[in-house]
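J.: Input: one structure, supplied below.
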Ligand SMILES: *Cc1c(COP(=O)(O)O)cnc(C)c1O
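Numbering (the numbering used here), first residue to last: 1050 to 1436.
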């Protein structure tokens, strides 16, 4: 698999890594091994190393090897959700008395996990503006074990210079975690930029079809890989065989989907920036975005997520979400269909009153791969009609 990674380009690796035609039947797609246990040829006589599907399952192994190849790491681990992956990672990296630096803009569920659950194990955390490496340095303590970064961030599309923050973290003896959900490995590969671990909600672009919830971790550090694999089995929140198969299937078209997401989102962001009823647009592909140059340096494209603030405040932002017709009102992101949501009342309701609070007039779009003309017309209509 590592060989495959060096010989072939991303699009080829996405389709083939971890998947060879079934030796028995020649099936070109890995079977869904919907099974809990495996027959042993005598006590401890395992065929292919499989004994029980929490520990390992062939369909999940195919996905895990594929993810490792896509992110350029030696080990991939697939979980029941993005938050299950994060939980496993945080419990592996942190002990009571340790400290964690988190970003001031992140997925609301990540913040809730750290502030409401991880904190109860005696782990301290503080908030930095990770788009500024000096802000991260300012939050470091002798007991800091990890720095958490999300880039582009959710929902404000902030950009963190991964290589610069990796240097700050390494100098302090802390691990750098990058949530790569918004970019996907097609657009950005954090391990090559110095990150120690990559986190994914595979629910989003990797799955790509809004039909599965899953998560993943990838690392190139052999010791950390061993520890994470131990915790994955010990804690047990693994991806099931069918969910693993759905994510694998989604990944086969990741590159072509992302190219269209990038193109559509760019057009949408430009149209919104020119709209009189839009106060501000957050899209790293726009030259006016403060992270534009960093994004251009470390990403292959700017992604499919666009946020914007609507003139008229919270009520009008909610009304725009409810008036859209082609954009479906809903949480989540990264699927082929366009979604619209109000972070303040939906995905980020759990950060209200914290350092991560989002503007009340903010609308977030997951720009899908439909006809961009239909998407532009839908947004124009939703913004034109006054409540
Ligand atoms: C959705 C999401 C998560 C959480 O993943 P789940 O699969 O919903 O548990 C984590 N990080 C980011 C950036 C997300 O968008």
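Backbone N, C-alpha and C define an ideal beta-carbon position, used for all residues, glycine too. Quick caveat: nothing in here was measured; it's all calculated off a predicted structure.
Beta-carbon within less than 6 angstroms of residue 1399's beta-carbon, same chain only, minus the 5 sequence neighbours each way: which residues are those?
T.: Annotation for residue 1399: 1157 and 1161 place their beta carbon closer than 6 angstroms to its own, counting only its chain and skipping 5 residues before and after.
J.: Does the contact criterion of 3 or more C-beta pairs under 8 angstroms hold for the stretch 1074-1088 versus the stretch 1245-1262?
T.: At 8 angstroms Cβ cutoff, the stretches do not touch.
J.: Considering only residues of the same chain and omitting the five flanking positions on each side of residue 1230, which have a CB-CB separation below 6 angstroms?
T.: Closer than 6 angstroms at the Cβ level, and outside the excluded window around residue 1230, lie 1249, 1250 and 1253.
J.: Just the C-alpha distance for residue 1144 and residue 1107, rounded to the nearest angstrom, thanks.
T.: 32 angstroms
J.: Tell me whether residue 1054 sits in a helix, a strand or coil according to DSSP, three-state version.
T.: For residue 1054, the predicted model reports a pLDDT of 47, less than 50, meaning its position is unreliable and no value from the coordinates is stated.
J.: Pick helix, strand or coil for residue 1281, following the three-state DSSP scheme.
T.: Helix at residue 1281.
J.: So is residue 1066 buried or exposed if we call it buried at 16+ other beta carbons inside 10 Å?
T.: Buried, by the Cβ-count rule.
J.: Report yes if the C-beta of residue 1231 is less than 7 angstroms from at least one heavy atom of ligand 1; otherwise report no.
T.: yes
J.: Within the present structure, is the beta-carbon of residue 1120 separated from the nearest heavy atom of ligand 1 by less than 7 angstroms?
T.: no
J.: Taking DSSP's pairing of strands, which residues face residue 1354 in a bridge?
T.: 1415
J.: CA-CA distance, residue 1053 and residue 1407?
T.: The pLDDT assigned to residue 1053 is 43, lower than 50, so where the model puts this residue is not dependable; a value taken from the coordinates is nonetheless given after this. Their Cα atoms are separated by approximately 43 angstroms.
J.: If I follow the unbroken beta strand (DSSP E) through residue 1249, where does it start and stop?
T.: 1246-1250
J.: Out of 1367, 1404 and 1351, which one is the CA nearest neighbour of residue 1392?
T.: 1367
J.: Taking 7 angstroms as the cut-off, is the C-beta of residue 1130 nearer than that to any heavy atom in ligand 1?
T.: yes
J.: Is it buried or exposed, residue 1201, if we count other Cβ atoms within 10 angstroms and call 16 or more buried?
T.: buried
J.: Does DSSP put residue 1436 in a helix, a strand or coil?
T.: In this prediction, residue 1436 has a pLDDT of 47, which is less than 50 and means its spatial position is unreliable; nothing more can be read from the coordinates.
J.: Whole-angstrom Cβ separation of residue 1127 and residue 1288, contact assumed at under 8 angstroms?
T.: 4 angstroms
J.: Taking 8 angstroms as the threshold (C-beta atoms), are residue 1213 and residue 1182 in contact?
T.: It is a contact, given that the beta carbons lie within the stated cut-off.
J.: Quick check on the burial criterion: 16 or more other C-beta atoms within 10 angstroms. Buried or exposed for residue 1188?
T.: Of the residues assessed, residue 1188 falls on the buried side of the cut-off, its CB having 16 or more other CB atoms within 10 angstroms.
J.: Per DSSP, residue 1265 is paired with what?
T.: 1127 and 1249
J.: One question on the structure: do residue 1355 and residue 1312 come within less than 8 angstroms of each other, judged by their Cβ atoms?
T.: Using a Cβ distance threshold of 8 angstroms, residue 1355 and residue 1312 do not count as a contacting pair.
J.: Helix, strand or coil for residue 1156, going by three-state DSSP, please let me know.
T.: Coil.
J.: What is the rounded straight-line gap between the Cα of residue 1050 and the Cα of residue 1129?
T.: Legend: pLDDT at residue 1050 = 38, less than 50; position of this residue unreliable, value from coordinates given subsequently. Approximately 24 angstroms, taken between the alpha carbons.
J.: Quick one, are the C-beta atoms of residue 1152 and residue 1193 less than 8 angstroms apart?
T.: no
J.: Rounded to a whole number of angstroms, what is the C-alpha to C-alpha distance between residue 1349 and residue 1305?
T.: 13 angstroms
J.: I need the DSSP call for residue 1175, collapsed to helix, strand or coil.
T.: For residue 1175, the secondary structure class from DSSP, reduced to helix, strand or coil, is strand.
J.: Fully enclosed by the stretch 1318-1365, which beta strand (DSSP E) runs are 3 residues long or longer?
T.: 1327-1331 and 1354-1359
J.: So what does DSSP say about residue 1254, is it helix, strand or coil?
T.: coil
J.: Is DSSP giving residue 1211 helix, strand or coil here?
T.: helix
J.: Taking 7 angstroms as the cut-off, is the C-beta of residue 1262 nearer than that to any heavy atom in ligand 1?
T.: yes
J.: Nearest to residue 1331 by CA position, among 1203, 1210, 1401 and 1268, is which residue?
T.: Nearest option by C-alpha distance: 1203.
J.: Determine the contact status of residue 1266 and residue 1134, defining contact as a CB-CB distance below 8 angstroms.
T.: yes
J.: With a threshold of 7 angstroms, establish whether the CB of residue 1203 neighbours any heavy atom of ligand 1.
T.: yes
J.: Have a look at 1318, 1096, 1324 and 1171 and flag the residue whose alpha-carbon is nearest the alpha-carbon of residue 1206.
T.: 1318
J.: Looking at residue 1225 and ligand 1, is the gap between the Cβ and the nearest heavy atom below 7 angstroms?
T.: no
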